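Numbered by numbering that gives the first Met the number 0, the letters in the first sequence go through residues 0 to 959 in order.
So the structure is just underneath, and the comments pick up after that.
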Amino acid sequence: MNLPANYERAAAEAKWQKFWDDSKIYKFDPASKAEPFTIDTPPPTVSGKLHIGHVFSYTQTEIIARYQRQLGKNVLYPFGFDDNGLPTEILTEKETGKKGAEMPREEFVQLCEATSAKYRTQFRDLWMSLGFSCAWDNVYSTISKSSQRISQRSFLDLLKKDKVDYRSMPTLWCVKCQTSFAQAEVDDVNKGTIFNYLNFSTTDGTLIPIATTRPELLPACVAMFIHPENAKYKHLIGQKAVVPLFGHQVTILADEKADPEKGTGIVMCCTFGDVTDIEWFRKHKLPNRLAFTRDGKMNELAGEFAGLGIEEARKVIIAKLLEAGLIFRQEEISAEKRVVNTHERCGTPVEYLDTKQWFIKVVDAKEDLIKQGEKVNWFPSYMGKRYRDWVDNLGWDWAISRQRYFGVPIPVWYAPDGTIIPADDSQLPVNPLVDKPLDCKGYDPATLIPEKDVLDTWATSSITPELNWRWGEKDEMPQLRPMSMRPQAHDIIRTWAFYTIVKSWFHHGDIPWKDAVISGHVIKKEVKVETQKVEGQAFERKSKISKSKDGDKFSPLRLIEEFGADAIRYWATSGTLGSDIAFDEDEIEGSSKLLTKLWNSAKFAAGFLQGFDPKAGRPKLEAVDLWALTKFDAVIKNYHAAFAKHEFFPARNGLEQFFWSDYCDNYIELVKDRLYSTDPADAERARAAKWTLYFLTLGQLKLFAPYLPHITEEIYQGLFAELEGDKSIHISKFPVVESSLVSADAAKAGELLLEVVTLVRGYKSRNNYSMKLAIDKLTLEADEDVLTDLKLVEKDVLGICKANALIFSVKKTEFIRISGTMPAGIGNVTVLAENPTTAPSSIDNVVALTDNHIIAPAFTEKTERIALAIEMDKAALLRNEVVSELKPLINEAKKAFNLKAKDACKVLYVQAPVDLLKVLETEPGQLEAAARSEKVVFNAEGKTYLPLASRPGMGVAVEN
RNA sequence: GGGCGUUUAGCUCAGUUGGUUAGAGCGCUUCCUUCACACGGAAGAGGCCACAGGUUCGAGUCCUGUAACGCCCACCA
């Protein structure tokens, strides 16, 4: 039972990762009777680079998985990759330089699969190097045959239930990707533009001014609108207007939505400039007059401008209008003021086209969907409101068909008369372009038109719960529905969370999971930037991490390399659930300090636990032991209470606090005296300390295990595995403190002890004494009940304060404080006197009052329940004083041997007069320590001593 | 314009159901080589808890309002 001096991080992490993988301790057992805990892990989009943000959010879930597993639950922690659909296509096109539209579909699909496989491996390697406890032999991919089958099954179920619609209507369209897309995929981009004021005219020549940012839509103009109450222009309503440059005529109509305050008060309506245009198109039954093609080129309606791209056409048409004098005013609109909607996958400005698409009918189901959202427990709870807001404001049905290639095919055919012929479940996954329906419903198979569109990636990722419990498959596990938990980031509540709830509601009439646990993002922290002071800005704001600006400063691989998985994991849990975290490398460094501390404290315990068997019976525990155990009990309870709400941070925080401050700084220090004692009378007390040490070390390791899986496993396997019998700490049970060991009295005594210790430490620190400097006599004054408690820890007080004698005295009087500097450079001293009349008037008198000792008491400022008097050993003080005076001299002497102050030397020679010699000889160790020498020789002959000016007859020499 | 969130030490953040004297880590100051650890320890400096009202014996915590910042949505002629 021993640990090496240093923790070999890299080796240990690799070793245990392999061990866990080989021993399958994370495998979900479908046959198990244990309570299941199932996680609907976000399948990362295979879209290129790994990001520190991935590490942040996935680690949080990972820790919850480990916690649940240690509770004894049967944990399903699957992993998947969202690799179907447009994101992969865009990535593939970027990597290969080839366009999907320019090659046979099958060929492009193969390229996409290769790209996806490459990035899947990257992700997997990263997660493994972070020690993620997913069952790696059971990973899904959304483009796999099985996922396609379940996805198509989902579509067919919606079709059967009449929840999908195939209809022609204006849709959001991307001219670059040449596909329709959903409302949730719209992004806002700030972009400046020019506001053009130009004149239409009535047939009799009256000018009609309008304002537009998109003059290239003039050929698509189908009407003009004026508010019915618009005093200035309402007389024009009903007349015809001539479109400038293009010459066709449109009707001037009235509509309340035409705001008299905006622009000129008259607005042109085109096919389609924006959502209002679409609304008018439907309401007023306007013609469809699309002036550009699906790939964003002006068409024949644009006349001489046909063939130009949309943006190019805008410039050319503006130039032409200016030339013709038709534009009478132009205004620049700054980027801050104008927002352009774009397709989030590629950044191209949104267009609207009338196309035939598949929609899931969500708008009609809004109320039900809000109710479903209320059934889910959102963590933190306000995230539920975001969901509600989104659903409440839905204006469009969910468009799920995409005119793309690398996706799940929509499993239908169309008969010549438009009848929809669905695939049969038994033939899934199906590709209508290749396959034929099993049941052609009496139509000639040769006449059937296959659907060539594919489903949007969200249509498949919205059924990750179904992919996990294998809906409709041979290994289906419907008992796992609803799943326990969905972890995800807050930005995709409107997409992923919403879509998943939609699917679950339509398919099963239920929620997909009980808890939605929402994480934040990683951002950059505010830093002082001296060079920016010129602009009056001393700080760089908190901001999103940008790949181009920050390079690989935030690369997960680099960070793991530098700090190790455990330190990164620990950092990743330092944020509050749901809120963004500022990236701070110093904090990761702080985490790795914790690892060192954990290692060293375990090493300390190991030294005393050689041959110790806790099963041999529990010794009678001391008050200090009970104090520590009582505190630990509270830590455990707090830990579980926090995890019940998936709050990994408070759980960890309380534990760390206890570990570092209560356990390391105090408990270990308090029991050293017992553990190192060679007095047989202390044997039982030492056994008590060992028992407690064993329990606390193991218990804390178990609580740290979800966060720091590698180092805790290393220590567990080194010290405890044999005695405890669990194959891995990660499948061991959490510690429980027996209720008989939880003692309020002991807790109180422990706190009082710490109060005394703090006073003594403060005294020594203020006087620049070493903590090990002995106290001759320590007098404690307090009320009787306090003293009763303190007597429980009498021996501990003596030990940790290095006091030779301890006297308890019932508090009688208030003290008067007198402060001053002692003669002979002994330091600042505070003296307390019992009453003003007998109080010494100066420090000199104090020395006179005491014979061998200097009285330098202090009392607690905090509670005033304990006062203490410290009588230092005069010899010890003198020695301390002399040694510190000699120190600079020793360092001077070392220089002759080219030694630095911190370097060790062989012999320290000290010349001293008889009285000082006596004092120094009692504890030569202090001089040895000061000089870092192997030994000290006093008053040797024939040495050249460096003389100490302040003390005649004293000097030092060094030999190396 | 609407909704949500945030505002506590120089920085990053905790602060349980309102309860004595508001905490931690990093950074800063002084000291201490002590037999687990100097990647350590001790002691300290540093806060009008954004602001203004209110409820209460008592408010960092509850209510109202204001401001700044962030996110989401809407607006886009």
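Here a beta-carbon is modelled for each residue, glycine too, at the ideal position from N, C-alpha and C.
Owing to the predicted nature of the structure, the values given are computational and were not obtained by experimental measurement.
Between Phe703 and Leu70, the C-beta spacing is not below 9 Å.
Between Ala743 and the set Gly653, Tyr715, Asp788, the nearest pair of CA atoms involves Asp788.
In the structure shown, Thr575 adopts coil according to DSSP, grouped into three states.
Beta-bridge partners assigned by DSSP to Cys173: Thr178. Contact between Trp15 and Glu891 does not hold, since the beta-carbon distance rounds to 51 Å and is not under 8 Å. The beta carbon of Asp391 is closer than 8 Å to those of Lys365, Ile369 in its chain, skipping five residues each way along the sequence.
The three-state reading of DSSP puts Ser483 in strand, counting E and B together.
By the 16-neighbour rule on beta-carbons within 10 angstroms, Val429 is buried. No Cβ-Cβ contact shorter than 9 Å links His709 with Arg68. Spatial neighbours of Phe36 in its own chain (CB-CB distance under 6 Å, excluding positions within 5 residues in sequence) are listed in chain order as Gln67, Lys72, Val74, Ser483.
Residue environment for Ser22: exposed (fewer than 16 other C-beta atoms within 10 angstroms of its C-beta).
Between the segment 89-103 and the segment 484-495, the count of Cβ pairs shorter than 8 Å is below three; the stretches do not touch. Two segments are said to touch when three or more pairs of C-beta atoms, one from each, lie closer than 8 Å; by this definition the segment 175-187 does not touch the segment 230-243.
By the criterion of a C-beta distance shorter than 6 Å, Phe55 is surrounded in its chain by Val521, Ala571, once the five residues flanking it on both sides are discounted. Comparing C-alpha distances from Thr202 to each of Ile251, Phe658, Ser573 shows the shortest one belongs to Ile251.
Residue pairing of Ala802 in beta bridges, as defined by DSSP: Ile774. In the structure shown, Thr192 falls within a strand segment according to DSSP collapsed to helix, strand and coil. Note that the C-beta distance between Pro555 and Phe647 is not below 9 Å. Boundaries of the beta strand (DSSP E) around Ile522: 521-523.
Counting along the chain, Trp512 sits inside the beta strand (DSSP E) bounded by residues 512-518.
Distance from the Cα of Ser727 is smallest, within the candidate group Val736, Cys269, Gly749, Leu700, for Leu700. Distance from the CA atom of Thr456 to the CA atom of His489, rounded to whole angstroms, is 19 Å.
Distance from the CA of Leu300 to the CA of Arg288, rounded to the nearest whole angstrom, comes to 8 Å.
Take the alpha-carbon of Lys239 and the one of Lys440: they are about 51 Å apart. Beta-bridge partners assigned by DSSP to Val163: Ile359. If you draw a straight line from the Cα of Gln356 to the Cα of Pro259, it comes to about 36 Å. Per DSSP, reduced to three states, the secondary structure at Glu215 is helical. The beta-bridge partner set that DSSP reports for Thr44 consists of Asp81. The DSSP-derived three-state label of Pro103 is coil. The residue among Val670, Ile209, Glu94 with its C-alpha nearest the C-alpha of Leu110 is Glu94. Counting along the chain, Trp377 sits inside no alpha helix (DSSP H); it lies in the beta strand (DSSP E) bounded by residues 376-378.
Counted as a single uninterrupted DSSP element, the beta strand (DSSP E) harbouring Phe327 occupies residues 326-332. According to the DSSP assignment, Leu702 belongs to no beta strand (DSSP E) but to the alpha helix (DSSP H) extending over 682-703. Listed in chain order, the beta strand (DSSP E) runs fully inside the segment 233-261 are 239-241, 248-253, counting runs of at least 3 residues.
Around the C-beta of Ser590, 16 or more other C-beta atoms lie within 10 Å, and the residue is accordingly described as buried. Secondary structure at Gly372: helix, using DSSP grouped into helix, strand and coil.
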